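Top to bottom, those sequences are chains A and B. No gaps in the numbering here: position 116 of the first sequence is 115 in numbering that gives the first Met the number 0, and each next residue is one more. No gaps in the numbering here: position 7 of the second sequence is 6 in numbering that gives the first Met the number 0, and each next residue is one more. Report on the following structure.
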Amino acid sequence: MSVRPDEPSVGHQPPPSWAPPRTPPSGEAALFPVGAALGFLRRLREGVEAGTDPVSAVAGAIGGLPADAQEGLERAMRRAAGDYSEDEWGFDEEFADAIFPLLEFMYERWWRVQVEGTVNVPSHGPALMVANHAGIVPWDAIMMGTAVLKEHPLPRYPRFLVLNWAFTLPYISLTLRKVGGVVASPYNAIRLLERGELVGVFPEGVKGAGKDFKDRYRLERFGRGGFVEIALRARSPIVPVAVVGSEEIHPKIGESSLLARATGAPYFPITPTFPLLGPLGLVPLPSKWRIEFCEPISTEEYGPEAAEDRGLVFELSEQVREVIQEKLYENLVKRGRAFA
Amino acid sequence: MAGRRVLITGVGSYLGTELARRLERDSEIEYVAGLDTRPPRAKLERTEFLEADLRNPVITKLLPQAEVDTVVHNQIVRRPGPGMSPQAMHDINVIGSLQLLGACERSPSVRAIVIRGSAGIYGSEPQAPQFFTEEMARFYPLRTRFQRDVGEIENYFETYSRRHPQVTCMMLRYQPAIGPATDSQVTRYLGLPVVPTYLGFDPRLQFIHVQDGLEALVASIKNPLRGAVNVAAPGTIGLTKMIRLAGKSSIPIASPLFPSVATLGRRAGVFSSLSPDFRRLLRYGRAVDTRRLVEEVGFRPRFDAVAAVEDYVRTQSSKRVVPSFRDLVPVR
Chain A
0 MSVRPDEPSV
10 GHQPPPSWAP
20 PRTPPSGEAA
30 LFPVGAALGF
40 LRRLREGVEA
50 GTDPVSAVAG
60 AIGGLPADAQ
70 EGLERAMRRA
80 AGDYSEDEWG
90 FDEEFADAIF
100 PLLEFMYERW
110 WRVQVEGTVN
120 VPSHGPALMV
130 ANHAGIVPWD
140 AIMMGTAVLK
150 EHPLPRYPRF
160 LVLNWAFTLP
170 YISLTLRKVG
180 GVVASPYNAI
190 RLLERGELVG
200 VFPEGVKGAG
210 KDFKDRYRLE
220 RFGRGGFVEI
230 ALRARSPIVP
240 VAVVGSEEIH
250 PKIGESSLLA
260 RATGAPYFPI
270 TPTFPLLGPL
280 GLVPLPSKWR
290 IEFCEPISTE
300 EYGPEAAEDR
310 GLVFELSEQV
320 REVIQEKLYE
330 NLVKRGRAFA
Chain B
0 MAGRRVLITG
10 VGSYLGTELA
20 RRLERDSEIE
30 YVAGLDTRPP
40 RAKLERTEFL
50 EADLRNPVIT
60 KLLPQAEVDT
70 VVHNQIVRRP
80 GPGMSPQAMH
90 DINVIGSLQL
100 LGACERSPSV
110 RAIVIRGSAG
120 IYGSEPQAPQ
130 FFTEEMARFY
140 PLRTRFQRDV
150 GEIENYFETY
160 SRRHPQVTCM
170 MLRYQPAIGP
180 ATDSQVTRYL
190 GLPVVPTYLG
200 FDPRLQFIHV
210 QDGLEALVAS
220 IKNPLRGAVN
230 VAAPGTIGLT
240 KMIRLAGKSS
250 IPIASPLFPS
260 VATLGRRAGV
270 FSSLSPDFRR
280 LLRYGRAVDT
290 RRLVEEVGFR
300 PRFDAVAAVE
310 DYVRTQSSKR
320 VVPSFRDLVP
330 VR
């Protein structure tokens, strides 16, 4: 909260004009305070009229802003000067933190996500989260990440393997990498796990994302079990995750191969609102969500050579698929109606 | 062990001259020869300068006479210099390398060949693994002329390596170089008054500081390995971050318009450095895995990707006329 601890108590007196305005209660805290913005502009004009150079005028005007706005502006200026850090994967923690309030809103208000079993996500060391997948925008991945950050006793940023096509798109590619998305390649997954990261993967892939509405929560084939090979090679536990709610946010009722070819997309979905309402049709429906993190499946005892064993790979892959499918049905019952 | 005898091609380039100078000071190195059509950039103490063109068959006579045990091939042209046609660049790269390998075949004294190649062979691919390891060279089609040149050189070199098992053939795949007093595509790009970028793309880039690039060559000469080795600084840097650190302003251009803008710019004489390879790099970026360099060659670069850019920027700030945003804003 932006109320400074050292601020003197002013009792019933009206606060002096330089005092930062009190922030509204938490729900609206994310909104930019209009009063502060006007005050900033006024001070800026006074500074410029007084004949100071633009840079010190800006610096002076910032001084009068409330603490969080001040911090935000300082951060923006620092970033504009190139002073921010990205890791070798392009993950930008400051950026991820900055957009977190928006994700929190989607999580708490829009989808009213209920979470179970976050303790099953290891708090350190490598782990591979495997989940069911749906939707054009990977909201399920984003909400899984938000769940870990919000509910886990030792929160950590997960990395996600994202559909390759997304990395050919402007803005989407750079946003994805800044929040921890990487190209869905086994090399990336193994490298991340070797570094002890938490990695999320959707073995259904495009088939899952392009599922018809009538097939929701019926898991597709889990590819060739590549995710099991990855986990075996990296000796990392597998955490099956069941996400309920995500398969209703973009009810796909058809697809257009013509538009898919024209845009280069792997498939082009048609929902009741998209592409009918244009970009507005991309707004996800506010279904109610449940996310359950299931008990981790250890791969330690097999050793990395077991990745060559097709039989074992398929067996483990099927085991994970069954756990997720079962938990999906369970959580569907617990949740009740999607749009109650 | 008797002193090593080393021949360097492309000794007239910045890195070639610096390498000769560096080897001259080394007591392990008994003899240094430098081959080029251009004279070395600086006065060299004990390097024998062999004036010859790589494309000319005369080197098949010159090289055996020098009786060297190590050949360092440092004459792969990454971008056509002023007055050099793409055809000439192709000739120097492919025909030159082929001639050199032919000359090595005639020199029984040769024990190791080190080629300063390019990580450009991996290309810049949006769907590629975030770090290329040495085995991934043939994952994607070779899209540009330079890539095909490098691919051809690597093919010849591999064949040579198979036919001559007694010779250690080492292919160094260099990421673009950056650093003070370096003239590379990156430094030219950052030297533009306004830098063009692809709208909505902020690729991860990776460089090698020139100083580290030189030391990596020295380390490879001392400890040659069979096969390919990536040479790059640890870590990556985002394009936007690099541009901001350099205090430049960028002009984002929508991808479909970029080629025509680049062509227009080249005609106007502004964007001479935007080769097709570099354009792909600006859009999709590229990073390589350097575990082999660190663990097997035993060389750890001093500058990481960000530090290499910062070192370059430090030497450039004195040349600026207009102060950059970075100079105006106090950065903690």
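In this text, a Cβ means the ideal position worked out from N, Cα and C, and glycines have one as well. Since this is a predicted model, take the numbers as computed values, not measurements.
Three-state secondary structure (DSSP) at residue i?
i: Gly82 of chain B; result: coil
i: Phe341 of chain A; result: Past the edges of chain A, shown from 0 to 339, lies residue 341 of chain A, and the structure says nothing about it.
i: Glu300 of chain A; result: helix
i: Leu34 of chain B; result: strand
i: Leu197 of chain A; result: strand
i: Ser117 of chain B; result: strand
i: Glu45 of chain A; result: helix
i: Pro300 of chain B; result: coil
i: Val57 of chain A; result: helix
i: Ala230 of chain A; result: helix
i: Phe221 of chain A; result: coil
i: Phe131 of chain B; result: strand
i: Val287 of chain B; result: strand
i: Ala111 of chain B; result: strand
i: Asn330 of chain A; result: helix
i: Ala66 of chain A; result: helix
i: Asp52 of chain A; result: coil
i: Pro20 of chain A; result: For Pro20 of chain A, the predicted model reports a pLDDT of 45, less than 50, meaning its position is unreliable; a value from the coordinates is still stated below. Correct three-state label for Pro20 of chain A: coil.
i: Tyr186 of chain A; result: helix
i: Gln126 of chain B; result: coil
i: Pro154 of chain A; result: coil
i: Phe338 of chain A; result: coil
i: Ser106 of chain B; result: coil
i: Glu203 of chain A; result: coil
Mind listing the chain B neighbours of residue i? Cutoff is C-beta to C-beta under 7 Å, in chain order.
i: Phe212 of chain A; result: Residues of chain B passing the Cβ test: none, with the nearest at roughly 29 Å.
i: Gly81 of chain A; result: Lys240, Arg243, Leu244 and Arg325
i: Trp88 of chain A; result: Gln129
i: Phe166 of chain A; result: Pro125 and Gln126
i: Glu70 of chain A; result: Ordered by position in chain B, no residue passes the 7 Å Cβ test against Glu70 of chain A, which lies about 13 Å from the chain.
i: Glu93 of chain A; result: Per Cβ cutoff of 7 Å: no residues; Glu93 of chain A is ~12 Å from chain B at best.
i: Glu247 of chain A; result: Chain B residues near Glu247 of chain A: none, gap ~30 Å exceeds 7 Å.
For residue i, go through chain A and note every residue whose CB falls closer than 7 Å to its CB, in chain order.
i: Asp201 of chain B; result: Leu173
Taking residue i as the query, report the chain A residues whose CB atoms sit under 9 Å from its CB, ordered along the chain.
i: Leu281 of chain B; result: Ordered by position in chain A, no residue passes the 9 Å Cβ test against Leu281 of chain B, which lies about 13 Å from the chain.
i: Ser254 of chain B; result: Pro169
Strictly below 8 Å CB to CB, what residues from chain A border residue i?
i: Ala127 of chain B; result: Val182 and Ser184
Mind pulling the chain B residues with CB within less than 8 Å of residue i?
i: Asn163 of chain A; result: Pro125 and Gln126
i: Glu307 of chain A; result: The contacting residues do not exist; Glu307 of chain A stays about 17 Å from chain B at best.
Could you please give me the residues that DSSP links to residue i through a beta bridge?
i: Arg172 of chain B; result: B:Gly116 and B:Asn229
i: Thr235 of chain B; result: Answer is none; Thr235 of chain B lacks a bridge partner.
i: Leu160 of chain A; result: A:Val181
i: His239 of chain A; result: Residue identity check: residue 239 of chain A is Pro in the sequence provided, not His. DSSP lists A:Val129 as partners of Pro239 of chain A.
Quick one: which chain B residues come within Cβ less than 9 Å of residue i?
i: Glu103 of chain A; result: Neighbours of Glu103 of chain A on chain B: none; closest Cβ ~25 Å, over 9 Å.
Quick one, which residues of the region 23-45 of chain B are near chain A if we go by CB-CB under 8 Å, in chain order?
none
Of all the residues that make up the region 183-215 of chain A, which are near chain B by a beta-carbon distance shorter than 8 Å?
Ser184, Tyr186, Asn187 and Arg190
Please specify which runs of the alpha helix (DSSP H), each continuous and at least 4 residues long, are wholly inside the region 241-300 of chain A, giving them in chain order.
256-262
In chain order, each alpha helix (DSSP H) run of at least 4 residues that lies wholly inside the region 237-271 of chain B
Segments of the alpha helix (DSSP H) lying fully in the region 237-271 of chain B: 238-244 and 257-266.
Go through the region 71-147 of chain A residue by residue and report every complete run of the alpha helix (DSSP H) that reaches 4 residues or more, in order.
92-104
Pull out every residue of the region 215-246 of chain B whose Cβ sits closer than 7 Å to any Cβ of chain A, in chain order.
Gly234, Thr235, Gly237, Lys240, Arg243 and Leu244
Segments assigned alpha helix (DSSP H), at least 4 residues, entirely inside the region 4-84 of chain B
DSSP runs (the alpha helix (DSSP H)) wholly in the region 4-84 of chain B: 13-23 and 58-65.
Under 8 Å (Cβ pairs) to chain A, residues found in the region 187-199 of chain B:
Tyr197, Leu198 and Gly199
Quick one: which residues of the region 215-230 of chain A get their C-beta closer than 9 Å to a C-beta of chain B? List them in chain order.
none
Residue ranges of each beta strand (DSSP E) run of no fewer than 3 residues wholly in the region 161-226 of chain B, ordered along the chain?
167-173 and 193-197
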